[in-house]
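For reference, the structure discussed in these notes is given below.
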Amino acid sequence: MDSFSAWLEEKDIELRSEDAANASAITLHHAVAYHCDVLTAGAWPISSAAAEHKIFLPPVLEAHTNLFTKFYTGRSTGRKLLWIHHLSFGMVQSKCFDKRYEFLLSFYQMLILVQVKVLTMGGDEANPKYAINFGFSNRKLRISVRCLMCEEVCQQQQLIAFLVEQAVPNSPVESAKAPKTPAREVEEDRKMSLQAAIVRILKTRRDIHQSQLMHEVTEMLVNQFVPTATAIKQNVEILIQKEYLRRHEDDQTRFLYVA
């Protein structure tokens, strides 16, 4: 990100003169702490279908995304950059209460709050088309909204009214209970996290014994969940089939990273 910031400073005048949206995006970059990880598709078991799904961003965020894409493609010839919004998150700070609070939100929740702010305060983006079309499914929209609400209310005007009226000075702000995620989705998310951890460890170690791998995987994921030995072994076999790693010819309990 330091090189991206340096590139923006170097091209500041040129970029601002090209498009008014660039000027807003550069101002946003200096005002908001922004971090981006570029992952190699072959090294991380992430669905490309999810990455290619189009999300309708507010104009200033769209412009900032375009600037980073321009920066990256200018330095990485032949590579395609796909944005994985469903794995993104951010820290939002409130300024509508007597006390200042910080909320850790998913990318989708941040989009919703940005639109609510625009609708309540006015602005060029306050139009019905953008308000309705975020670009993700109604189910995902409802889940994201319910996580922000104290009750199951999903009408846009009610959400706006709720957020505006919640500035209670001396009352603690409690986190809304997240909706129950289907066991199947939880299992799939854990499977992806487990495979990513295994690949990351193998890529670093290159050659590792099964017991050591299980220990390191457990340590890496301890803040998310504790994988069972069976789950680790099953996902190791899946990655062997995908040719991310292979067993050592002379010792079947050792694994080698396949470059």
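Using UniProt numbering, you'd call the opening residue of the sequence shown number 1 and step up by one each time.
The beta carbon of each residue, even a glycine, is placed where N, CA and C say it ideally should be.
Here the structure is a predicted model, which is why all the values come from computation and not from measurement.
With contact defined as three or more Cβ pairs closer than 8 Å, the segment 183–196 and the segment 228–235 are in contact. Runs of the beta strand (DSSP E) lying entirely within the segment 193–256 and spanning at least 3 residues, in chain order: 207–209, 245–247. Relative to the Cα of Met110, the nearest Cα in the group Gly90, Arg79, Phe97 belongs to Gly90.
The beta carbon of His85 is closer than 7 Å to those of Ile55, Phe107 in its chain, skipping five residues each way along the sequence. Of the candidates Asp98, Val92, Arg246, Asp207, the residue whose Cα lies closest to the Cα of Val32 is Val92. For Leu105, the uninterrupted beta strand (DSSP E) segment begins and ends at 102–106. With 16 or more neighbouring CB atoms inside 10 Å of its own CB, Ala25 falls in the buried class.
The continuous alpha helix (DSSP H) containing Asp12 extends over residues 12–18. For Val92, the uninterrupted beta strand (DSSP E) run begins and ends at 89–93, by DSSP. In this model, Asp37 and Glu10 are separated by some 22 Å (Cα to Cα). Exposed is the label assigned to Tyr101, since fewer than 16 other Cβ atoms lie within 10 Å of its Cβ. Its chain contains Tyr257 as the residues whose beta carbon lies nearer than 6 Å to that of Lys203, once the 5 sequence neighbours on both sides are disregarded; these appear in chain order. A direct Cα-Cα distance of roughly 14 Å separates Gln252 from Gln212.
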